[in-house]
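Structure record follows, encoded as structure tokens.
Residue numbers (UniProt numbering): 1 to 899.
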């Protein structure tokens, strides 16, 4: 993102004229956002008439790219509006100083010093940490509500630069929409002398508040300018395009021949559909006859990530320059981790070959552990490590020269240095030869250890971090020899029994000393020194690039990796990388089509492989207007709608067959096969006794009542109570029976998720054998647990289920469990809903998997208590307001008498 912002700064505060239309187009989005008044921000129909339905087919590249522009603008508008409405939750910081640094009339660029401390001098809990392209606003009080902006005037600004100085991380440069100055009457000073009006910065000592980050939207906007490689974009425009068909001149047999004997695909135990996907993709990567986009359809549990990992390991062997991206950092890290699990075991002790793999992104968001294998392929770690290796006055060249000098005629050089330092000969200094030799021995040990440590670190770093195109196998063999020789010399110097006189003689000649009248240690030291000198001198045959600055080494790392991993958004930073041939997009059905335009326009790109499942949740869209226009639709989904070929991974390895049967029938037309592992007896796990707790069950909790919380999201406290009791029982059973289990609790509604988290608290976090994760359905996409318990929440008399009826959301919820899926809900409400849930509940009855909460005495008691507590909190009018409440009271009384 820094490249775009640097251009923006250049345009605003420098005298350089920038005439590139693309550059000015990028800034048009910034100018539009900064021009919005508060009335504009809260005007929900600001762009309603300008947002048109995004079509399925397009007549030109221009029409294709332009169709996303207003929906993107509206989405940015909705995001900003939503965040300002929730201003009390927004990160904030104090502004300590402001300085105008603008050199062009009409542009308001300021340098600001921000602080994470409040007015009391203590660090703020919600302190704002500035990032590139954040949009912020200012207030003369700590902003909590929109009215805090209106006191002085709403002035949004975008951050152009964040200070690199660790001691001043809050020094930023911002572009503001208006001057950050006001004319202010000062009142009367002491002595009743009226002060003059003066220009005063409104920001001393006021506050800044974070509103939104525009990084991704600016990158998309730039891609929509259409100045990149358009070869693949042209292929996806027409309805009759054959972009998914295989090239007639390329075949799977050729792909197998290309792999050779170095990588046996049989060793990965791929099923037929996975193997076919890998071979087809390899054939595509080698094709030079046409551009293409391939679709690989990966339903839940079908080994999608494994397939990508094997494919990437093959492409690495073939030296095919490939970008792998995904919508989120989590998905990118997952794929990179799978590749490392395949590649790492085959590497040697110094990880030769990792230099061909590069993970690019934000370390905090990717949560890269310094001890993980991913650290070795992470971009920031790599360029910093190589920069240390090749620094002019301390890097590899300096270390090599220093060690050659040290192992040469060192004694004479040592005497000369002593004389130059003191201005006297050794005889004049009054030191005896014995003293000089003793000092030389200590100097030799200390200097050797220092250089050896640096060399060893550099050698390992070069072998593991440099691309294999710059580090040959011959060079690696020499490094092994060097490391062993240096280790031997160090050992002999530390523990060898030789006289100081022998040490002097060894380091006064470039030859091996005659060992006939010398100690074994002296002879060994002389031999190892000579051998090491010969190897070190041979390193001069190998040359490495010169890196004059950090920018050059960063470019080198990006340019020379064969496999690059990053988010689709971050791929905007790869526009200067040459020779990229193939892009693989994981979770492609979750990536907005306009965002996929970023990687698809990278220079030189010939082929794209999209991997995903359009029957699961698409990308999140904030704006209802943009959502209705199809802004959240992915390229994957659009091509599927146009009946393009998609290769199905058709064997699922995750779910017990009792769990997979419904989604397989409902979503995948029975095309998915259960793998042998899920059909084995060992997969039929019993965590709690009772038929209710089998692999699949629907538990009817009719006592519950849906209710809104203060944020207009639904919750059902009876279901919360029953689920909490079930989890408590699993927890107790895991301790008593000593089994390990992970539990996921899912609900479509945020209020229910919050109520469950609040009810469960932290009571189960201390036990190593037990874990529980509570998330929304959207938050669980891509995850899996041993047991999934789902709370459907909806409980009413008219069968209304709202967005619970969303088929994609339901598919995600039903496919997260490995061994057990237990769904809680009001059976009557769901059956009357005329939705997918009606089919599920009726199917559960037909299969004998439908249970009533009253079938379990303990759960029934919990449900009755929770329902009674809720009814007791209602007024008499509320209790008598609906027939459902009356029926519930009757049912509670009957059930209470029963137990």
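Backbone N, C-alpha and C fix where the C-beta goes; we use that ideal spot for every residue, glycine too.
Residue i versus residue j: straight-line alpha-carbon distance, rounded
i	j	result
residue 213	residue 92	14 angstroms
residue 547	residue 268	40 angstroms
residue 832	residue 802	13 angstroms
residue 318	residue 814	39 angstroms
residue 529	residue 465	28 angstroms
residue 843	residue 747	21 angstroms
residue 653	residue 795	34 angstroms
residue 346	residue 737	39 angstroms
residue 325	residue 380	18 angstroms
residue 371	residue 378	12 angstroms
residue 728	residue 838	30 angstroms
residue 852	residue 45	47 angstroms
residue 905	residue 509	The requested residue 905 does not occur in the structure, where the chain is confined to residues 1 to 899.
residue 660	residue 117	53 angstroms
residue 734	residue 762	17 angstroms
residue 471	residue 768	44 angstroms
residue 812	residue 821	12 angstroms
residue 639	residue 721	45 angstroms
residue 351	residue 342	13 angstroms
residue 189	residue 595	With a pLDDT of 43 at residue 189, under the threshold of 50, the modelled position of that residue is not reliable, and the figure given next carries that caveat. Approximately 58 angstroms, taken between the alpha carbons.
Closer than 7 angstroms to chain C by CB, residue i
i	result
residue 388	Annotation note: the requested chain C is absent from the structure, which comprises a single protein chain.
Where the beta strand (DSSP E) containing residue i begins and where it ends
i	result
residue 786	785-791
residue 775	770-776
residue 109	108-115
residue 437	Premise fails: residue 437 lies in the alpha helix (DSSP H), 433-465, not in any beta strand (DSSP E).
residue 904	Residue numbering for the chain in the displayed model covers 1 to 899; residue 904 lies beyond these limits and cannot be assessed.
residue 139	134-139
residue 208	207-213
residue 698	696-700
Proximity test, residue i beta-carbon vs the ligand FAD heavy atom, cut-off 6 angstroms
i	result
residue 546	Annotation note on the ligand FAD: not contained in the displayed structure, which lists no ligands.
Residue i, buried or exposed, once every other Cβ within 10 Å from all chains shown has been counted against 16
i	result
residue 848	exposed
residue 392	exposed
residue 88	exposed
residue 620	exposed
residue 191	Its pLDDT being 40, under 50, residue 191 is placed unreliably in this model, and the coordinates cannot settle the point.
residue 957	Only positions 1 to 899 of the chain appear in the structure, and residue 957 is not among them; the question remains open.
residue 545	exposed
residue 732	exposed
residue 696	buried
residue 328	buried
residue 629	buried
residue 633	buried
residue 669	exposed
residue 413	exposed
Start and end residues, alpha helix (DSSP H) containing residue i
i	result
residue 176	It is not in any alpha helix (DSSP H) - residue 176 instead sits in the beta strand (DSSP E) that spans 171-176.
residue 160	No alpha helix (DSSP H) holds residue 160; the beta strand (DSSP E) holding it covers 157-162.
residue 99	Here residue 99 belongs to no alpha helix (DSSP H); instead the beta strand (DSSP E) covers 92-100.
residue 266	Where residue 266 is concerned, there is no enclosing alpha helix (DSSP H), given that its DSSP letter is neither H nor E.
residue 278	272-285
residue 906	Nothing in the structure corresponds to residue 906, since the chain is present only between 1 and 899.
residue 662	657-667
residue 126	Per DSSP, residue 126 belongs to no alpha helix (DSSP H) and is neither H nor E.
residue 64	61-66
Contact belief for residue i with residue j at Cβ below 8 angstroms, rounded distance in angstroms
i	j	result
residue 61	residue 290	With a Cβ gap of about 18 angstroms, residue 61 and residue 290 do not count as contacting.
residue 819	residue 787	7 angstroms
residue 302	residue 678	Not a contact, Cβ separation roughly 12 angstroms.
residue 610	residue 635	7 angstroms
residue 824	residue 800	About 18 angstroms separates the two Cβ atoms, so there is no contact after all.
residue 647	residue 277	5 angstroms
residue 305	residue 334	6 angstroms
residue 836	residue 789	Their Cβ separation, rounded to whole angstroms, is 19 angstroms, which puts residue 836 and residue 789 out of contact at 8 angstroms.
residue 840	residue 662	6 angstroms
### Query
What beta strand (DSSP E) runs, 3 residues minimum, are completely inside the region 323-407?
Counting only runs of 3 or more, we get 357-359.
### Message
I'd like the ranges of any beta strand (DSSP E) spanning at least 3 consecutive residues and lying wholly in the region 792-880.
### Response
817-825, 850-852, all fully within the region 792-880.
### Query
Taking the runs of the beta strand (DSSP E) that are 3 residues or longer, which of them lie wholly in the region 516-578?
Assignment of beta strand (DSSP E) within the region 516-578, counting only whole runs of 3 or more residues, yields 563-567 in chain order.
### Query
Mind pulling the alpha helix (DSSP H) runs of 4 or more residues that sit fully within the region 579-654?
With a minimum length of 4 residues, the continuous alpha helix (DSSP H) runs that stay inside the region 579-654 are 593-600, 624-628, 635-641.
### Message
Ignoring anything shorter than 3 residues, give me the beta strand (DSSP E) runs that lie fully in the region 711-772, in order along the chain.
### Response
Runs of the beta strand (DSSP E) inside the region 711-772: 741-747.
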